[in-house]
Every structure is written in structure tokens, then in C-alpha cells.
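Residue numbers (my numbering): 11 to 260. Ideal Cβ placement from N, Cα and C applies to all residues, glycine included. First the structure, in the form of C-alpha cells, and then the observations on it.
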Ligand code: HEC
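Spelled out as C-alpha cells, the structure:
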């Protein structure tokens with residue numbers, strides 16, 4: 011394939027009369043998957059505001075799909091129950107959103123869609139991994155997670171018996187308090203090594219450093235970066251960093 015005639019992107023050609031190798035789109039047509047209408051399904055916005063409804067009905071299949079995607083893409087940071095204490099966060103990543111705060115419990119559905127589609131502060135977006143339909147399925151599943159932690163008697167169909175966690179723990183022969191927060195053993199690694207403030211690492215190829223990671227070709231600078239969320243400004247790695255040392259060897 012390397013040694014065969016082909017067009018390089020944006021290069022000229024004498025094959026077509028207009029001298030361009032790239033062909034213009036046939037007028038008045040739209041390729042499959044290119045119709046990104048400004049629809050609620052695609053944006054999560056209604057009249058310029060985050061909407062509070064699903065663009066399609068939720069059934070068990072949708073919830074199962076949402077659960078699957080959530081468990082794959084979101085649990086590393088947000089945890090299986092959505093409290094924001096996922097494994098990566100426990101190991102030092104910026105604290106992820108807790109879906110059980112009063113603000114997020116009442117946030118419109120479109121807000122969750124928007125966060126998945128566009129990212130939020132230290133959180134990268136998941137637009138490439140999740141189609142609009144899958145994003146909405148995750149949104150529906152987050153609502154289920156919220157309900158799972160805050161269900162009231164009125165949320166349960168009458169006549170259905172709900173067993174308290176304590177009696178499940180007892181029945182399963184687990185230690186008392188098993189279903190509640192665990193205290194990590196003193197040997198567990200938590201937070202930053204010496205309790206320093208957590209700073210998002212900024213360097214080459216760091217997707218979180220979109221607001222100005224240094225250019226590997228020009229070497230590091232000491233610019234102060236301000237992340238999109240407007241958090242504390244970050245100081246970029248100085249020349250003593252590994253990336254800096256590597257650049258200087260060039
Ligand atoms: C790499 C870790 C990471 C992953 C994976 C991740 N998030 Fe986040 N998320 C964060 C962090 C960190 C924040 C807090 C960002 C901030 O406040 O700057 C956050 C915040 C949020 C918020 C709260 C926004 C608000 O209004 O406060 C929502 C909702 C959210 N994430 C949803 C998701 C969903 C859904 C997924 C999976 C598709 C996901 N996140 C995957 C790290 C992550």
C-alpha cells in the first residue's frame with residue numbers, strides 16, 4: 011500500500027479539471043453520519059438551555075446499555091455508585107463529580123449529556139467513545155444510580171418488600187457494616203505522596219493540558235496555564251522535568 015499511486019490530503023492533482031485531489035461534496039447531499047442537526051438528541055440543549063427530558067423513551071434495554079457504557083467509561087473516576095471516588099481518584103486524580111450532591115441530583119438531564127459530550131473542567135469528553143444515543147443511555151443510568159442511593163418508600167411499587175442493607179449483610183454472613191464506607195488500612199496509598207495539593211500534570215501529550223501543554227518541538231516554557239474550568243492556575247513543568255530533559259537532548 012505504501013508503494014502505490016494515491017492522493018495525499020490537500021495536495022494538487024492533474025487528474026481533475028479543477029486541479030484538486032480532494033473532491034467537493036456533491037451539492038445538496040449529506041453523507042451518512044454527517045447530519046449533525048442542531049437537534050436535542052445531538053446537543054442536549056433546548057432553546058439555548060440544557061433540557062430536562064430524554065430524546066427517546068427509556069426502557070430496560072436502554073438502561074442496560076447505559077449501565078454497560080457507564081461501567082466501562084465512567085467508573086474508573088466516578089466509581090460504580092457514582093460518588094466520585096473511583097480508583098483513579100483514590101490514586102490521586104482530580105476528585106470526580108459526586109452524582110449524589112443536591113446540585114447534581116436536580117441537574118437537568120441535558121447537563122449530564124453536555125458533560126459527556128464536551129467534557130467538564132478536569133474531565134475529558136467522551137464524545138469519541140459514546141455515540142449520542144449511548145450518551146443518553148448513560149444519562150438515564152446515572153438517574154437510576156441517583157435513585158438507587160436515595161430511593162424513598164414512595165418510589166417502590168406497593169407490596170414490594172425491600173430488604174434493608176443491614177439484614178442483607180447479616181443474611182450473607184458478611185461482617186457488620188460491610189455495606190457502608192470502609193476505612194482503608196493504614197498501608198493504603200491515598201492522595202499525593204506527601205499530602206501536597208493536587209495539581210494536574212501538564213506536559214507533552216497530556217489531554218488535560220489542552221489550554222497550553224508545551225510544544226515538544228520548542229521545549230518547555232514556564233507559562234502559567236488556566237484550565238477551562240477556571241480552577242487554580244497551573245504552573246507548567248520546568249526544564250528539570252523528564253519531558254524538559256528529553257527535549258534538551260534533541
Ligand atoms: C478520568 C476521570 C474521569 C472519567 C473517566 C469520567 N469523569 Fe466525569 N468527572 C471527572 C472529574 C475530575 C470531574 C470534576 C471536574 C471539575 O470539577 O473540574 C468530573 C465531573 C463530572 C460530572 C459533574 C459535572 C458538574 O456539573 O459538576 C459529571 C456529570 C460527570 N463527570 C459525568 C461523567 C460520565 C457520565 C462519565 C463517563 C462517560 C465520566 N464522567 C467519566 C473525571 C472523570
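{"query": "Exposed unless 16 or more other CB atoms sit within 10 angstroms - verdict on residue 88", "result": "buried"}
{"query": "Sequence-distant residues of the same chain with beta carbon closer than 7 angstroms to residue 95, five excluded per side", "result": "89"}
{"query": "Per DSSP, cross-strand counterpart(s) of residue 56", "result": "59"}
{"query": "DSSP state of residue 50 mapped onto helix, strand, coil", "result": "helix"}
{"query": "Under 8 angstroms between C-beta atoms of residue 10 and residue 83", "result": "Any question about residue 10 goes unanswered here, given that the chain covers just 11 to 260."}
{"query": "Residue of 204, 185, 145 minimising C-alpha distance to residue 78", "result": "145"}
{"query": "Rounded C-alpha distance that separates residue 16 from residue 86", "result": "42 angstroms"}
{"query": "Cα-Cα separation between residue 164 and residue 171, rounded to whole angstroms", "result": "12 angstroms"}
{"query": "Contact test: residue 105 Cβ vs the ligand HEC heavy atom, cutoff 7 angstroms", "result": "yes"}
{"query": "Closest residue to residue 21 among 28, 32, 55 (Cα-Cα distance)", "result": "32"}
{"query": "Cα-Cα separation between residue 30 and residue 142, rounded to whole angstroms", "result": "34 angstroms"}
{"query": "Straight-line Cα distance separating residue 186 from residue 176", "result": "7 angstroms"}
{"query": "Exposure label - residue 124; buried when at least 16 CB within 10 Å", "result": "buried"}
{"query": "Heavy atom of the ligand HEC within 7 angstroms of residue 132 beta-carbon", "result": "yes"}
{"query": "Residue range of the unbroken alpha helix (DSSP H) whose run includes residue 99", "result": "97-100"}
{"query": "Euclidean distance between Cα positions of residue 24 and residue 80", "result": "50 angstroms"}
{"query": "For residue 115, the first and last residue of its enclosing alpha helix (DSSP H)", "result": "112-115"}
{"query": "Which of helix, strand or coil DSSP assigns to residue 169", "result": "coil"}
{"query": "Exposure label - residue 121; buried when at least 16 CB within 10 Å", "result": "buried"}
{"query": "N-terminal and C-terminal residue of the alpha helix (DSSP H) that residue 142 is part of", "result": "142-160"}
{"query": "Burial state of residue 27 (16 or more Cβ within 10 Å)", "result": "exposed"}
{"query": "Spatially closest choice to residue 137 from 155, 54, 38, 98, by CA coordinates", "result": "54"}
{"query": "Cα-Cα separation between residue 60 and residue 52, rounded to whole angstroms", "result": "12 angstroms"}
{"query": "DSSP state of residue 187 mapped onto helix, strand, coil", "result": "coil"}
{"query": "Span separating the alpha-carbon of residue 18 from that of residue 36", "result": "21 angstroms"}
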